[in-house]
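The sequence shown begins at 47 in our numbering and counts up one residue at a time.
As structure tokens, the structure follows; a few thoughts come after it.
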Amino acid sequence: MENFNYHRPATVAAAAALLKKSKDGVYLAGGHTILPTMKQGLRAPKDVVDLSGIKAMSGIKASAGAVVIGAGTTHMEVASSSAVKKAIPALAEMAGKIGGVHVRHKGTIGGSIANADPASDYPSACLALGATIVTNQRKIPADKFFTGLFQTALKKGEIITAVSFPIPKRAAHQKFPNPASRYALTGVFVAQGKDGKARVGVTGAGPAAFRVADMEAALSKEFSEKSIAAIKVPPRGLLNDMHATAAYRAHLVSVLARRAVAAAK
Ligand SMILES: Cc1cc2nc3c(=O)[nH]c(=O)nc-3n(C[C@H](O)[C@H](O)[C@H](O)COP(=O)(O)OP(=O)(O)OC[C@H]3O[C@@H](n4cnc5c(N)ncnc54)[C@H](O)[C@@H]3O)c2cc1C
């Protein structure tokens, strides 16, 4: 790892100013992606701006309509939050299945979403629940946020400060985890909004998280396993690697979506 300047600002504005001033700076949250990348020499930033000292970016607030989670909140805090468990139990369960215990105690929702790993779990929840990604500059609907493999709509230096999840009528998450890392080989998050409309978010299967329009239309008419039993996802464009073929991932989407519908509460 190369030498770098370490900064730990106390406010979002100070963090943004530090990154703007730096020629080649990065934000640090839980460090579970950025630190291994630096150790492997894939990134050698001159400045590392640690966001963990910013109190305004932590914590969970639930209201009648939404759960708002500060970007610095760890997966373990989401998994064990009584407010999340009550409002969106599927989200707490999903956070509880991320990685191993060390990853859950350090990894943050903001870091996970900013990183947009195709196999990470939060993107599927963001899409299925119709979340809004709140930054220091604007509010970005989840549908416009995940733009490609490790690509997001974030501009250089933009900081995710919170993620707002509307509370659904019911939801569930199912994943087929990689047995070593627990990353999603494929994961499906299904939610039915209070207006009856269903949304299906898929992660792990494609280069970026995506929704399945045919399943959403069928589930919005009748929220049952039967209504999506015949719907297949074409393997074209899905990931094809040493872990699984595109055809296998496409098959998993159908299986996991049916299981999620059956489990939704
Ligand atoms: C062994 C292992 C297993 C894992 N298993 C899973 C799994 O099963 N499911 C899953 O979803 N994830 C998994 N992860 C990923 C992990 O959960 C972290 O969420 C992820 O690495 C990034 O979060 P972080 O807080 O560590 O971010 P960091 O590594 O600190 O940062 C990641 C990137 O996001 C940027 N960033 C961080 N915070 C912000 C912010 N607020 N605004 C803008 N940019 C920001 C950083 O600059 C960096 O580019 C695993 C990781 C490991 C190492």
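A virtual CB, placed ideally from N, CA and C, is assigned to each residue, including glycine.
For residue i: DSSP bridge partner residues
i, result
"S170", "The partner list for S170 (beta bridge, DSSP) is empty, contrary to what the question assumes."
"N51", "D93"
"R257", "G247"
"T181", "I206"
"G194", "Q197"
"T154", "T120"
Residue i, enclosing beta strand (DSSP E) - first and last residue
i, result
"E231", "This sequence places Leu at residue 231; Glu is not what is there. Run containing L231: A230 to Q238, per the beta strand (DSSP E) assignment."
"F211", "I206 to P212"
"V113", "A112 to G116"
"K107", "I106 to A108"
Residues near residue i in its chain [Cβ-Cβ closer than 8 Å; skip 5 each side]
i, result
"A59", "N182"
"T57", "I100 and A102"
"L16", "Only positions 47 to 311 of the chain appear in the structure, and residue 16 is not among them; the question remains open."
"S270", "V307"
Neighbourhood of residue i by C-beta, 6 Å cutoff - its chain only, sequence neighbours within 5 removed
i, result
"G105", "G116"
"A293", "P281"
"A141", "H121, V124 and A125"
"K143", "none"
"V149", "H78"
Cβ-based burial, residue i [other Cβ within 10 Å; buried from 16]
i, result
"M61", "Strictly speaking, residue 61 in this sequence is Ala, with Met absent from that position. That one is buried."
"K240", "exposed"
"S128", "exposed"
"Q86", "exposed"
"S47", "Looking at the sequence itself, residue 47 is Met, so the reference to Ser does not match. Answer is exposed; the Cβ neighbour count stays below 16."
"A308", "exposed"
"P82", "exposed"
"D163", "buried"
"A110", "exposed"
"L88", "exposed"
"T207", "buried"
"D287", "exposed"
"T291", "exposed"
"D167", "buried"
"G250", "buried"
"L195", "exposed"
"Q197", "exposed"
"A276", "exposed"
Residue range of the alpha helix (DSSP H) that includes residue i
i, result
"T83", "I80 to K85"
"A217", "Segment R216 to P223 is the beta strand (DSSP E) holding A217; no alpha helix (DSSP H) there."
"F191", "A188 to F191"
"G142", "P135 to G142"
"G71", "First-last for G71: G71 to L74, but that is the beta strand (DSSP E), not the alpha helix (DSSP H)."
"K272", "It is not in any alpha helix (DSSP H) - K272 carries neither H nor E in the DSSP assignment."
"A306", "A292 to A309"
"L284", "Segment: none, L284 is in no alpha helix (DSSP H) and carries neither H nor E."
"K67", "V58 to K67"
Other residues of its chain near residue i: CB distance less than 7 Å, five sequence neighbours each side excluded
i, result
"G283", "G252"
"A199", "I186, K190, F191 and T193"
"H289", "N224 and L231"
"G146", "R228"
"T119", "S104, G105, I106, T154 and I155"
"V279", "V258, A296, V299 and S300"
"R305", "Q220"
"S210", "A112, V114, A177, T178 and V180"
"K267", "S273"
"I213", "G111, A112, V113, A133 and I134"
"A255", "P169, S170, L173, F192, G247, V248 and T249"
"A108", "A129 and A133"
"G203", "A62, L65 and K66"
"E139", "H219"
(request) Using the beta-carbon of each residue, find all residues closer than 5 Å to any heavy atom of ligand 1 and list them in chain order. (result) V72, Y73, L74, A75, G76, G77, H78, T79, I80, A117, I144, G145, V149, G153, T154, G156, G157, S158, A160, N161, S166, D167, I205, I206, S227, R228 and Y229
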